[in-house]
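A.B. asks:
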Amino acid sequence: MAEELQIKMQTTVCQTPEETLQAMEKDFKLDISEQRKSTIVCMIFNHIDKELMDKNEEQRMLFLTEFRSRYFKSTKEKDVSESVPPVKQNAGQSTLQGMLESTSVFRRQFKIVGQIGQPNEKDMLSFTSLTRQIDTGVKQGYTEQEIVDGVIRSINGGMVLRSYVETYKDLSLERLRKILRNHYDVKSATELYQSLASICQVSKETPQEFLMRALDLRQKILFSRTQDQSEDTLVYENDHIQKLFLRTVETGLQDENVRVWVRG
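The opening residue of the sequence shown carries number 1 in UniProt numbering; numbering runs sequentially from there.
(1) Report buried or exposed for Y164, applying the criterion of at least 16 other Cβ atoms within 10 angstroms of its Cβ.
(2) Please check the pair A189 and R225, which I expect to be a contact at CB under 8 angstroms, by giving their CB distance rounded to whole angstroms.
(3) Where T20 and D49 are concerned, what is the direct C-alpha to C-alpha distance, given to the nearest angstrom?
(4) Quick test of your reading: I199 and R213, contact by CB under 8 angstroms. State the CB separation rounded to the nearest angstrom.
(5) Kindly confirm or deny that the stretch 114 to 125 and the stretch 58 to 65 touch, where touching means at least three C-beta pairs closer than 8 angstroms.
(6) Below 8 angstroms between beta carbons: does that hold for F67 and M159?
(7) One question on the structure: do K220 and L192 come within less than 8 angstroms of each other, judged by their Cβ atoms?
(8) Which word fits S203, buried or exposed, when buried means at least 16 other C-beta atoms lie within 10 angstroms of its C-beta?
(9) May I ask you to report which of helix, strand or coil DSSP gives H48?
(10) Is the beta carbon of E166 sitting closer than 8 angstroms to the one on I152?
(11) Could you pull the start and end residues of the alpha helix (DSSP H) that R108 belongs to?
(12) Does the beta-carbon distance from F127 to Y184 come in below 8 angstroms?
(13) Looking at the structure shown, is I116 part of a helix, part of a strand, or coil, going by DSSP?
(14) Using 8 angstroms for Cβ pairs, my map puts Q254 next to Q201. What's the rounded Cβ distance?
(15) Label M24 either buried or exposed according to how many other C-beta atoms from any shown protein chain fall within 10 Å of its C-beta, with 16 as the threshold for buried.
(16) Let me know the secondary structure DSSP gives I147 once reduced to three states.
(17) DSSP beta-bridge partners for I179?
(18) Taking the runs of the alpha helix (DSSP H) that are 4 residues or longer, which of them lie wholly in the stretch 153 to 215?
(19) So what does DSSP say about E250, is it helix, strand or coil?
(20) Could you round the C-beta distance between V148 and L171 to whole angstroms and report it? I think they count as a contact, below 8 angstroms.
(21) Below 8 angstroms on the Cβ atoms is my guess for V113 versus Q145; work out the distance and round it to an integer in Å.
(22) By alpha-carbon positions, which one of V186, F223, R162 ends up nearest to D135?
(23) Excluding the five sequence neighbours on either side, which residues of its own chain have a C-beta within less than 8 angstroms of the C-beta of K55, listed in chain order?
(24) Helix, strand or coil: which one does DSSP assign to E53?
(25) Within 10 angstroms of its Cβ, does T131 collect 16 or more other Cβ (buried), or is it exposed?
What follows is the structure, given as structure tokens:
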């Protein structure tokens, strides 16, 4: 949503009158005197990119909505382009807008938030977090090569993994996913399923801790099922996984009162 709104905002900025650009210059403290309009627009794009860089999706939407309301006096996303009076375009303007709409010249570079280190290394990306960011990039329309390059940039420079993927010829996103699974030593859905079927509450583990451990395994099975497409991986239906989870919790708990609560 924020990515789509940002692209629409960029299109609108290309059509913005000089007085509105001057207002942005003053607010953003930009030195754009005696610059061509195409240069001014690029500087504004860069400023917006910097503002959005460390924000999450909700914060980006809030920033872009406030930006839109301040400079284009529109309260609905669909009205953004209608809120700016039509301006006769010269050849330079038309070319700039065409580049914006048909290429990724002005689109934000795909970036992974966080760094890829050794598995279980403190303050480093988990496999789940990394995979979700990759999936989000795919949904947002980034090309396979853009996503591959973004992931490579997020790998710690001194790691053999980075050297390996940087020198891998014609590295596809699918192949990169498999390399990352091996790097993180991710268990298959079948292995996780077997783990869930065999766990029980251990000594010094509270019922709540055991329940969370079982829940975590259940979610990992559901997540891994969507990521592991190898032919030898069994496919488990949601209902089947849920039944196994409930049976494991009921038989693995030591506290009879909690067992009754689970059955209910």
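Glycine is no exception: its CB is placed at the ideal position from the N, C-alpha and C atoms.
C.D. replies: Taking the coordinates as given:
(1) exposed
(2) Cβ-Cβ separation between A189 and R225: approximately 5 angstroms, consistent with a contact (criterion under 8 angstroms).
(3) 19 angstroms
(4) 7 angstroms
(5) No, they do not touch.
(6) Their beta carbons are not under 8 angstroms apart, which means F67 does not touch M159 by this criterion.
(7) yes
(8) exposed
(9) It is Ile, not His, that sits at residue 48 in the sequence shown. The answer is helix: DSSP assigns I48 an H, G or I state.
(10) yes
(11) Taken as a continuous stretch (DSSP letters only), R108 belongs to no alpha helix (DSSP H), as it is neither H nor E.
(12) yes
(13) strand
(14) 5 angstroms
(15) buried
(16) helix
(17) None; I179 has no bridge partner.
(18) Fully enclosed alpha helix (DSSP H) runs of no fewer than 4 residues occupy 160 to 166, 173 to 184, 189 to 198 of the stretch 153 to 215, in order along the chain.
(19) E250 falls in the helix class under three-state DSSP.
(20) About 6 angstroms separates the beta carbon of V148 from that of L171, a gap short enough to meet the 8 angstroms contact definition.
(21) That pair is no contact at about 20 angstroms.
(22) F223
(23) F63
(24) The residue asked about is misnamed: residue 53 is Met in this sequence, not Glu. Three-state result, M53: coil.
(25) buried
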